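**Q**
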Ligand code: SAM
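Structure below.
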């Protein structure tokens, strides 16, 4: 079905999304809110779901995978505390939407996805939108991306049974890992901050994600 809605129409949906779903629920990082206002989320969802792209909910991408709820994207991004010069790893590219938000907020983004067609589709979308600082890689992100480590920030957008040691080891000093940890029915959003040889762990709230499947995640 052709999409006759204008970019002004989608911009007004984004402005409302930011006010009603994010700012009013405590997201205060101005750069995060601005990135959420800018990225055209409707271009990251399947064509027949465009009308729902700015709803307060995750949406299916196919093969049991989802694009996360907008608020969850904003919250996890805020927790990373990005200032603009970071090298970031995202585990679980999915649609590429979270990667696009990160691409506006950091210097370089590596995003790793285990399902090849999702990675390919996300890469194409990000190219078409002109992102030059995002690299999409196919692989098992539960092992991180050793050849590009260390990372100033790592975000895992799938639920893991535990904290993969490989990811912790790939954090730069001062770096942060944001990851949903726990059983497949519900996880605890966990932030791990590296201070030299010490690691601080904060549990900030519950969430529900599709499983992180891999060597240091859930088995197939
Ligand atoms: N961040 C995505 C977005 O903006 O659309 C949503 C991610 S979706 C909730 C979780 C993604 O993690 C799925 O695409 C899934 O295939 C991927 N995934 C699961 N286990 C993975 C692994 N070990 N390595 C890389 N990607 C993985």
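Numbering (this note's numbering), first residue to last: 42 to 261.
By construction, the Cβ of each residue, glycine as well, lies at the ideal position given by its N, Cα and C atoms.
Because the structure is a prediction, the values reported are computed rather than measured.
Taking all protein chains shown into account, decide if residue 79 is buried (16 or more other Cβ within 10 angstroms of its Cβ) or exposed.
**A** Along the chain shown, one-based indexing puts residue 79 at 38. Result: exposed.
**Q** Excluding sequence positions up to five away, which residues of its chain have a Cβ less than 7 Å from the Cβ of residue 91?
**A** What you label residue 91 is simply residue 50 of the chain shown in a count that begins at 1. Excluding positions up to five away in sequence, the list reads 44 and 83.
**Q** Thinking C-beta only, is residue 150 closer than 8 Å to residue 197?
**A** Translated into the one-based positions of the chain shown, residue 197 becomes position 156. Translated into the one-based positions of the chain shown, residue 150 becomes position 109. It is not a contact, given that the beta carbons lie outside the stated cut-off.
**Q** Identify the residues that DSSP records as bridge partners of residue 195: which are they?
**A** Walking along the chain shown from the start, residue 195 turns up at place 154. Residue 195 pairs with 130 and 218.
**Q** From 88, 179, 251 and 144, pick the residue whose C-alpha is nearest to that of residue 161; which is it?
**A** As a first step, residue 161 must be located in the chain shown, where it is residue number 120. Closest by alpha carbon: 179.
**Q** Distance check for residue 187 and residue 100, CA to CA, integer angstroms please.
**A** As a first step, residue 100 is located in the chain shown; it is residue number 59 there, counting from the start. As a first step, residue 187 is located in the chain shown; it is residue number 146 there, counting from the start. Answer to the nearest angstrom: the Cα atoms are 31 Å apart.
**Q** Around the Cβ of residue 241, are there at least 16 other Cβ atoms within 10 angstroms (buried) or fewer (exposed)?
**A** One-based indexing of the chain shown puts residue 241 at position 200. By the neighbour-count rule (16 or more Cβ atoms within 10 Å), residue 241 is not buried but exposed.
**Q** When you compare only the Cα positions, how much space is there between residue 167 and residue 142?
**A** Along the chain shown, read from residue 1 onward, the residue named residue 167 stands at position 126. Along the chain shown, read from residue 1 onward, the residue named residue 142 stands at position 101. In a straight line, the C-alpha of residue 167 is about 11 Å away from that of residue 142.
**Q** Report yes if the CB atom of residue 163 is closer than 8 Å to the CB atom of residue 183, and no otherwise.
**A** One-based indexing of the chain shown puts residue 163 at position 122. One-based indexing of the chain shown puts residue 183 at position 142. Not in contact: residue 163 and residue 183 (Cβ atoms no closer than 8 Å).
**Q** Using the Cα positions of residue 208 and residue 185, report the straight-line distance between them to the nearest angstrom.
**A** In the chain shown, residue 208 corresponds to position 167, counting from 1. In the chain shown, residue 185 corresponds to position 144, counting from 1. C-alpha separation (whole angstroms): 5 Å.
**Q** What residue ranges within the stretch 130-186 form continuous alpha helix (DSSP H) runs of no fewer than 4 residues, ordered along the chain?
**A** Complete alpha helix (DSSP H) runs here, min 4: 138-146 and 157-169.
**Q** Residue 235 to residue 57, Cα distance in whole Å?
**A** To locate residue 235, count along the chain shown from 1; it is residue 194. To locate residue 57, count along the chain shown from 1; it is residue 16. Roughly 36 Å between the two C-alpha positions.
**Q** So is residue 266 buried or exposed if we call it buried at 16+ other beta carbons inside 10 Å?
**A** The shown model of the chain, from 42 to 261, leaves out residue 266, and the question about it has no answer.
**Q** Could you spell out where the beta strand (DSSP E) holding residue 247 opens and where it closes?
**A** Reading the chain shown from its first residue, position 206 is the one you call residue 247. Per DSSP, residue 247 belongs to the beta strand (DSSP E) from 239-248.
**Q** CB-CB under 6 Å to residue 176, same chain, minus the five flanking residues each way: which ones, in chain order?
**A** Taking the chain shown and counting its residues from 1, the one referred to as residue 176 is at position 135. Excluding positions up to five away in sequence, the list reads 151.
**Q** Going by DSSP, what residues sit across from residue 229 in a beta bridge?
**A** Residue 229 sits at position 188 when you count from the first residue of the chain shown. 222 and 247.
**Q** Residues in the same chain with beta-carbon distance under 7 Å from residue 112, minus the five sequence neighbours each way, listed in chain order, please.
**A** Sequence index remark: in the chain shown, residue 112 carries index 71 (1-based). Excluding sequence neighbours, residue 112 sits near 62, 63, 66 and 97.
**Q** Between the C-alpha atoms of residue 140 and residue 225, what's the straight-line distance to the nearest angstrom?
**A** In the chain shown, the residue the question calls residue 140 occupies position 99. In the chain shown, the residue the question calls residue 225 occupies position 184. One C-alpha to the other measures close to 23 Å.
**Q** How about residue 50 and residue 81: are their beta carbons less than 8 Å apart?
**A** Residue mapping note: residue 50 aligns to position 9 of the chain shown, counting from 1. Residue mapping note: residue 81 aligns to position 40 of the chain shown, counting from 1. Not in contact: residue 50 and residue 81 (Cβ atoms no closer than 8 Å).
**Q** Reducing DSSP to helix, strand and coil, say where residue 110 ends up.
**A** For the purposes of this step, residue 110 is taken as residue 69 along the chain shown, with counting starting at 1. The answer is coil: DSSP assigns residue 110 none of H, G, I, E or B.
**Q** Contact defined as beta carbons within less than 8 Å: I believe residue 159 pairs with residue 118. What is the distance between those atoms, to the nearest angstrom?
**A** Residue mapping note: residue 159 aligns to position 118 of the chain shown, counting from 1. Residue mapping note: residue 118 aligns to position 77 of the chain shown, counting from 1. With a Cβ gap of about 20 Å, residue 159 and residue 118 do not count as contacting.
**Q** Measure the beta-carbon distance from residue 219 to residue 130 and round it to whole angstroms, keeping in mind my assumption that it falls under 8 Å.
**A** By one-based count along the chain shown, residue 219 stands at place 178. By one-based count along the chain shown, residue 130 stands at place 89. Not really, about 11 Å apart at Cβ, beyond 8 Å.
**Q** Per DSSP, what kind of secondary structure is residue 121 in: helix, strand or coil?
**A** By 1-based counting over the chain shown, the position of residue 121 is 80. Reduced to three states, the DSSP call for residue 121 is helix.
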